[in-house]
């Protein structure tokens, strides 16, 4: 019985990660990709923002699949948070530079 | 365009024939590995040829949409054709074995 | 949950498909119908008539505009096409600082004004498939979520139906349930590119609604400002204030257009901007027959003497990428053959979703002793979602023919009939035993589809006779499609009766 509830909890955590976490990850990527595109691919700012937003879906999609493949639900959450933070860091660093 | 369509259909049929199960149902004998490899190589080659002869003009993006649509239709056709054929085969086998018992 | 990748994928496929399956089915059916949007509109507005357009009706239209709309701020001619016999003139008259809109629909052969019934035509299906009739209540967000779910379902489906990739091209025909599973898999495979492009482009189309944060952060006015930065358009027209007479002999422009756009019937729309000014401009828009992008190609000419003016620069890559996906989604480039192929793939996707939903239930029902609420819900929603939608669609066509033409807000009434029918089927599905509900509703659907062409003839036989006389294959094709759909429903009904006895 206890394992059953644990399983349910894990499933809920994963679903939440897939919905909320993946969207947040996509959102973070739409910010974080802008400095990357500008500095590494010499894009104009308008192009970079446009492309970053278009590509964000791909990141979101990867996140959804990833969340369901990770061994433990909390690991999935941890990785999503790491991903989000690193993209946002790039965004802030890029904004300063 | 029609040429490409037919080439693609034939290529897919060859590819399906490269699988032992389908080959047995169609030709009533097993398929050697060498033959299977030949069939599949030839099939892929024809598939590439059908794509090349469709895309080889200035409307390449539009034509690749055509090619993919053809692909969808042709896979369905080949799948249905093979299944229909193997069903007939099974029925005939069943009829034969019944005859033998009587 | 076990961390095994394939098991996870199967679970994901099952529940991502089930959760929004009915919604996806409705979106795909109405979206597939939208491939024939102009044709459906043509059938639903039979007053447009079957007499084909004349090639020189541009000049006649211009003469008419010159007569009726002196001093207008713009003239516009939407030409009749092979797909929709709708010739519409519109113009704007300056009225205390603003311009008031006027428009008239003409018979494309005789150029007599027509009184067209108030109906949304095929546009209803088009808007329903992304707003779900909930435009102001987040309908488009819901459709966006459904599109993402579809992507997830496709991806996980590849792993779920792995067996099918191994013995490719096999549909086991000896057992109904196995046939259904295999058909689901084979259709799934052939529609991977189709569903993928459609879902992804659906997400791209409303990108400024689904993912606006980055744009809003970087630009003050958000997506609007960004779009203006990456798009190109004709230079802004500044009226000189010097009066001039507009060009009413279009042949001068037509020969120049022919040089650039050699294909027949290249012109979709002709608009005169500030026709009574010396800086006035003629903008000719091209049919999207040859390019995937949804950017409409235009040529500009002076409205005084027809000399060519500066055109539009090619757009930046970022914008082009979205434009191409938009164009692929709308498929306005498709010629008649490709259109039928796309329609076939759309129908296949609908079958894919429907068979998936039915499989979920049939796999579980024989195994469980005690049915729980979930089984009951899925069973009933299957009925309402699949047959109910077919019935609702045909009820929309019936409403188009049977509602009184003088009714106020007639177009809205037609949509209400669609929704009410659907709701009624939903209630019916919940109160009847499942098998009986399936059979009765299927029979009703079949009869409704088969009877509609007959009802049409009874109401006004002249429409059909005209269509026959002038070879209006759009009208006849629509009737034919109704008969085929009805026939298939009837066949399915008899098959189901035999099967479940």
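Chains as they are written, first to last, in my numbering: chain A, 17 to 113; chain B, 1321 to 1422; chain C, 971 to 1471.
No residue lacks a Cβ here, since even glycine has one placed at the ideal position from N, Cα and C.
Just the chain C side, please: which residues come within less than 8 angstroms of residue i by C-beta, in chain order?
i, result
"residue 32 of chain A", "Result: empty, since nearest Cβ-Cβ is about 14 angstroms, beyond 8 angstroms."
"residue 1400 of chain B", "1141"
"residue 28 of chain A", "In chain order: nothing, as chain C lies at least about 11 angstroms away."
"residue 1407 of chain B", "1143 and 1144"
"residue 1360 of chain B", "Here the premise fails: no neighbours, minimum Cβ distance about 11 angstroms."
"residue 1370 of chain B", "By Cβ distance, chain C contributes nothing, its closest Cβ being about 15 angstroms from residue 1370 of chain B, past 8 angstroms."
Whose Cβ in chain C lies nearer than 7 angstroms to the Cβ of residue i?
i, result
"residue 1389 of chain B", "1308, 1311, 1312 and 1315"
"residue 1379 of chain B", "1260"
"residue 25 of chain A", "Within 7 angstroms Cβ-Cβ: nothing; residue 25 of chain A doesn't reach chain C, min ~11 angstroms."
"residue 1325 of chain B", "The contacting residues do not exist; residue 1325 of chain B stays about 10 angstroms from chain C at best."
"residue 1352 of chain B", "The premise fails here: residue 1352 of chain B is roughly 19 angstroms from chain C at the closest Cβ pair, so nothing lies under 7 angstroms."
"residue 1346 of chain B", "Result: empty, since nearest Cβ-Cβ is about 11 angstroms, beyond 7 angstroms."
Just list the residues that DSSP pairs residue i with in beta bridges.
i, result
"residue 1063 of chain C", "C/1070"
"residue 1479 of chain C", "Absent from the structure is residue 1479 of chain C, since the part of chain C shown begins at 971 and ends at 1471."
"residue 1054 of chain C", "For residue 1054 of chain C, which the question treats as bridged, DSSP gives no partner whatsoever."
"residue 1045 of chain C", "C/1061 and C/1242"
"residue 1270 of chain C", "C/1253"
"residue 1323 of chain C", "None, per the DSSP bridge assignment."
"residue 997 of chain C", "DSSP output for residue 997 of chain C lists no bridge partner at all."
"residue 1237 of chain C", "C/1256"
"residue 1278 of chain C", "C/1271"
Show which residues of chain B have a CB atom less than 8 angstroms away from the CB atom of residue i.
i, result
"residue 1156 of chain C", "1395, 1396 and 1399"
Run through chain A and tell me which residues come within less than 8 angstroms of residue i, C-beta to C-beta.
i, result
"residue 1200 of chain C", "62, 63 and 66"
"residue 1181 of chain C", "42, 43, 46, 69, 72 and 73"
"residue 1472 of chain C", "With chain C represented from 971 up to 1471, any question about residue 1472 of chain C goes unanswered, as that position is not in the structure."
Whose Cβ in chain B lies nearer than 7 angstroms to the Cβ of residue i?
i, result
"residue 1303 of chain C", "1382"
Under 9 angstroms Cβ-Cβ, which residues of chain A neighbour residue i?
i, result
"residue 1116 of chain C", "None at all; the shortest Cβ gap to chain A is about 13 angstroms."
"residue 1392 of chain C", "Neighbours of residue 1392 of chain C on chain A: none; closest Cβ ~28 angstroms, over 9 angstroms."
"residue 1185 of chain C", "46, 65, 66 and 69"
"residue 1196 of chain C", "62, 65, 66 and 69"
"residue 1099 of chain C", "Per Cβ cutoff of 9 angstroms: no residues; residue 1099 of chain C is ~20 angstroms from chain A at best."
Below 8 angstroms, is the gap between the Cβ of residue i and the nearest heavy atom of the ligand NAP?
i, result
"residue 1111 of chain C", "What this structure holds is no ligand at all, so the ligand NAP is not there to describe."
Under 9 angstroms between beta-carbons, which chain C residues line up against residue i? List them in chain order, please.
i, result
"residue 36 of chain A", "Those do not exist, as residue 36 of chain A stays about 13 angstroms from chain C at its closest Cβ, beyond 9 angstroms."
Please compile the residues from chain B whose C-beta is within a distance smaller than 9 angstroms of the C-beta of residue i.
i, result
"residue 1161 of chain C", "1392"
* **alpha helix (DSSP H) segments (min. 4 residues) lying fully within the segment 1072-1146 of chain C** => 1093-1101, 1109-1130 and 1132-1136
* Hey, is the segment 1031-1048 of chain C in contact with the segment 1229-1241 of chain C, meaning 3+ C-beta pairs nearer than 8 angstroms? -> yes
* Asked: Mind pulling the alpha helix (DSSP H) runs of 4 or more residues that sit fully within the segment 1328-1378 of chain C?
  -> 1343-1352 and 1358-1372
* Are the segment 1002-1015 of chain C and the segment 1199-1215 of chain C touching by the rule of at least three beta carbon pairs closer than 8 angstroms? -> no
* Asked: Counting pairs of Cβ atoms below 8 angstroms between the segment 1380-1400 of chain B and the segment 1154-1174 of chain C, do you hit three or more?
  -> yes
* the segment 99-113 of chain A touching the segment 39-54 of chain A, judged by at least three CB pairs closer than 8 angstroms -> yes
* Asked: Going along the chain, which residues of the segment 1251-1263 of chain C sit with their C-beta nearer than 8 angstroms to a C-beta in chain B?
  -> 1260, 1261 and 1262
* To do: Examine the Cβ distances between the segment 1346-1362 of chain C and the segment 1319-1331 of chain C and report whether three or more of them are shorter than 8 angstroms.
  => yes
* **Length at least 4, wholly inside the segment 1393-1461 of chain C: the alpha helix (DSSP H) runs in chain order** => 1404-1429 and 1431-1439
* **Residues within the segment 67-91 of chain A neighbouring chain C, beta-carbon criterion of under 7 angstroms** => 67, 68, 69, 70, 72, 73, 77, 80, 81, 84, 85 and 87
* Asked: Counting pairs of Cβ atoms below 8 angstroms between the segment 1436-1443 of chain C and the segment 1377-1397 of chain C, do you hit three or more?
  -> no
* Asked: Just by C-beta distance, which residues in the segment 44-59 of chain A are closer than 7 angstroms to chain C?
  -> 46, 47 and 50
* To do: Give the residues from the segment 976-990 of chain C that approach chain A closer than 7 angstroms (Cβ to any Cβ), ordered along the chain.
  => 978 and 982
* Asked: Would you call the segment 1144-1153 of chain C and the segment 1304-1318 of chain C touching, i.e. three or more CB-CB distances under 8 angstroms?
  -> no
* Stretch-stretch touch, CB-based, cutoff 8 angstroms, three pairs: the segment 1371-1381 of chain C with the segment 1076-1090 of chain C -> yes
* Evaluate the contact criterion for the segment 70-78 of chain A versus the segment 1116-1133 of chain C: three or more CB pairs, one atom per stretch, below 8 angstroms. => yes
* Along the segment 1164-1178 of chain C, what residues have a CB closer than 8 angstroms to any CB found in chain B? -> 1164
* **Contact set between the segment 1284-1297 of chain C and chain A, restricted to residues whose Cβ is under 8 angstroms from the partner** => 1286, 1287, 1288, 1289, 1291 and 1292
* Counting pairs of Cβ atoms below 8 angstroms between the segment 1224-1231 of chain C and the segment 1183-1200 of chain C, do you hit three or more? -> no
* To do: May I ask you to verify whether the segment 1269-1284 of chain C touches the segment 1245-1257 of chain C, counting CB pairs closer than 8 angstroms and requiring at least 3?
  => yes
* To do: Could you say if the segment 1035-1048 of chain C and the segment 979-986 of chain C meet the contact criterion of at least three C-beta pairs nearer than 8 angstroms?
  => no
* To do: Determine which residues of the segment 1120-1131 of chain C have a Cβ less than 9 angstroms from any Cβ of chain A, and write them out in chain order.
  => 1121, 1122, 1125 and 1126
* Asked: Just checking, does the segment 1015-1024 of chain C make contact with the segment 1093-1112 of chain C on the three C-beta pairs under 8 angstroms criterion?
  -> no
* Decide if the segment 1405-1424 of chain C is in contact with the segment 1456-1471 of chain C; the criterion is three or more beta carbon pairs, one per stretch, under 8 angstroms apart. => yes
* **Any 3 or more C-beta pairs closer than 8 angstroms across the segment 1278-1286 of chain C and the segment 1069-1079 of chain C** => no
* **Validate contact between the segment 1169-1177 of chain C and the segment 1281-1297 of chain C using beta carbons, cut 8 angstroms, 3 pairs** => yes
* In chain order, which continuous runs of the alpha helix (DSSP H) of length 4 or greater are located wholly inside the segment 33-69 of chain A? -> 38-57
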